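To start, the structure under review is shown below, and the notes come after it.
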Amino acid sequence: MTDVFCADCGTECRLVDGRDVDPRDPEIADVRVWGCPVCPAAWAHHAPSVGVPAAAPAGLETRNARELLAERMIYPLIHEATGGQENLQPLAIDRLTGFLADRMSIEPEACEVVRFDLEQCRAAWKALRGVTFDDVRQWAQRHRRIRAPARSGAGTEA
């Protein structure tokens, strides 16, 4: 199992009952969550199928910032790119992730909103302010991976 750290303070989190984190929160009262021993309100849902949290544990302010970033910046760009067609979403998400990672100077693998801390949410918001999906498309065209040319005769039957 991978180590899980709090997005707010960097402390290693542990799997606990939701009641131990916040007994008044009905969303987590009867489930296992990843909780931070230092930040009392920092938690993330446990994804039992993979054994890790569904997001980096974080407090309310960071969770709200992630939600606003997704709702007001990321989802509208994806919708603009796809026109609501779900089959186009993976490509749009991939391009947007690469674009945002480049703008934030982080690796695309680290560019997951659910793993961002508060400062990364702010940086992402600034990076996406005023951006259209045409900007993302143009970036993707400039940053395409160079593909090796097909070998002559490859894939043909004699």
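Taking our numbering, the leading residue of the sequence shown gets 673, the next gets one more, and so forth. Where a beta carbon is used, it is the ideal one built from N, C-alpha and C, also for glycine. All values derive from a computational prediction rather than experimental measurement.
Contact between the segment 709-721 and the segment 758-770 is absent: fewer than 3 CB-CB pairs across the two stretches fall below 8 Å. One alpha carbon belongs to C678, the other to I700, and they sit about 17 Å apart.
Remark: C-beta atoms of L800 and A737 do not approach each other more closely than 7 Å. If you look at H751, you'll find it in the alpha helix (DSSP H) that goes Y747 to T754. With fewer than 16 other CB atoms across the displayed protein chains lying within 10 angstroms of its CB, Q810 is exposed. Annotation for L687: the continuous beta strand (DSSP E) segment containing it runs R686 to D689. Under the DSSP definition of a beta bridge, R704 partners with D689.
In terms of Cα proximity to G731, the closest of E752, V693 and G756 is V693. In terms of Cβ geometry, A728 and R787 form a close pair [threshold 7 Å]. Around L741, the same chain offers V785, C793, A796 and W797 as residues with beta carbons nearer than 7 Å, after the five sequence neighbours per side are excluded.
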